[in-house]
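Written below as structure tokens is the structure these notes are about.
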Amino acid sequence: MVALRGSDVYKQVKRPYTRKSKFKQHMYIRGGIPSKRTVKFDMGDINSNYPMRISLFTLQKGTLLDNAIESSRQTANKYLLKMFGGKQTGFYFKIKVFPHHIVRIHPIAMGAGADRYSTGMARAYGKPTNLAARVNAGQEIMFIEIPIEKEAIAREALRKAKCKIPFKSYIEVTKKEIAPIQKK
Numbered sequence: 000m001v002a003l004r005g006s007d008v009y010k011q012v013k014r015p016y017t018r019k020s021k022f023k024q025h026m027y028i029r030g031g032i033p034s035k036r037t038v039k040f041d042m043g044d045i046n047s048n049y050p051m052r053i054s055l056f057t058l059q060k061g062t063l064l065d066n067a068i069e070s071s072r073q074t075a076n077k078y079l080l081k082m083f084g085g086k087q088t089g090f091y092f093k094i095k096v097f098p099h100h101i102v103r104i105h106p107i108a109m110g111a112g113a114d115r116y117s118t119g120m121a122r123a124y125g126k127p128t129n130l131a132a133r134v135n136a137g138q139e140i141m142f143i144e145i146p147i148e149k150e151a152i153a154r155e156a157l158r159k160a161k162c163k164i165p166f167k168s169y170i171e172v173t174k175k176e177i178a179p180i181q182k183k
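So the sequence shown is numbered by numbering that gives the first Met the number 0: it starts at 0 and just counts up by one.
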């Protein structure tokens with residue numbers, strides 16, 4: 000297995016090289032698609048409607064690997080569960096980005112005689128290693144809906160999650176207008 004590279008390798012967004020061949024089966028990614036690490040995208044009270052929404056937005060365009068999404072999700076969810084007594088009630092937490100882009104890596108030979116192996120490898124196709132989500136500047140990555148009096152808890156949870164994301168990001172708070180329930 001190829002070791003995971005640093006996040007600065009994936010910051011730029013460009014269209015990946017697509018192999019073109021007269022044989023159709025050579026144009027597809029071999030080796031299969033890696034399994035996604037992010038397992039939950041909705042947590043807490045899914046059917047509840049809370050008046051406050053705290054969101055995490057990115058300031059940069061780039062590729063967000065699925066292990067960064069999963070680690071930020073685990074960090075925020077663990078803090079929310081700790082603050083709410085280990086119950087999945089009192090908040091709604093959602094991940095908005097989905098990792099669907101396949102990241103391929105072509106390992107480069109290192110050491111003595113590596114120049115002989117590396118010749119003729121321009122635009123190499125590579126093996127699939129990860130899944131990633133493409134994000135744009137100003138895109139919402141995740142949000143927490145919560146009662147107004149618990150705003151500080153949600154801010155702290157997203158602050159902790161922000162540390163796991165390799166882009167500059169910011170937290171924004173909005174109050175939702177909740178329509179009153181009308182009786183028939």
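Yeah, the Cβ is synthetic: ideal placement off N, Cα and C, and Gly gets one too.
On a predicted model such as this, the values are computed, not experimentally measured, just so you know.
Run of the alpha helix (DSSP H) containing residue i, from where it starts to where it stops
{"i": "residue 53", "result": "Note, residue 53: premise wrong, no alpha helix (DSSP H); beta strand (DSSP E) at 51–57."}
{"i": "residue 82", "result": "65–82"}
Enclosing beta strand (DSSP E) for residue i [first to last residue]
{"i": "residue 186", "result": "Absent from the structure is residue 186, since the part of the chain shown begins at 0 and ends at 183."}
{"i": "residue 94", "result": "91–94"}
{"i": "residue 43", "result": "41–43"}
Simplified DSSP assignment, three categories, for residue i
{"i": "residue 100", "result": "strand"}
{"i": "residue 147", "result": "helix"}
{"i": "residue 152", "result": "helix"}
Neighbourhood of residue i by C-beta distance below 6 Å, restricted to the same chain and skipping five residues each side
{"i": "residue 31", "result": "none"}
{"i": "residue 139", "result": "54, 56, 95"}
{"i": "residue 68", "result": "37"}
{"i": "residue 42", "result": "76, 92"}
Rounded distance between the beta-carbons of residue j and residue i, thought under 8 Å
{"i": "residue 74", "j": "residue 160", "result": "5 Å"}
{"i": "residue 57", "j": "residue 136", "result": "7 Å"}
{"i": "residue 55", "j": "residue 170", "result": "6 Å"}
{"i": "residue 103", "j": "residue 62", "result": "In fact, because the Cβ distance is near 12 Å, the residues do not count as touching under 8 Å."}
{"i": "residue 65", "j": "residue 21", "result": "Residue 65 to residue 21, Cβ: 34 Å. No contact."}
{"i": "residue 163", "j": "residue 51", "result": "That belief does not hold up - the Cβ atoms of residue 163 and residue 51 are roughly 23 Å apart, past 8 Å."}
Bridge partner(s) assigned by DSSP for residue i
{"i": "residue 174", "result": "51"}
{"i": "residue 61", "result": "134"}
Close-in-space but distant-in-sequence residues of the same chain around residue i (CB under 7 Å, 5 per side omitted)
{"i": "residue 97", "result": "132"}
Beta-carbon proximity list for residue i, same chain, < 8 Å, skipping 5 on both sides
{"i": "residue 166", "result": "10, 57, 58, 59, 61, 63, 134"}
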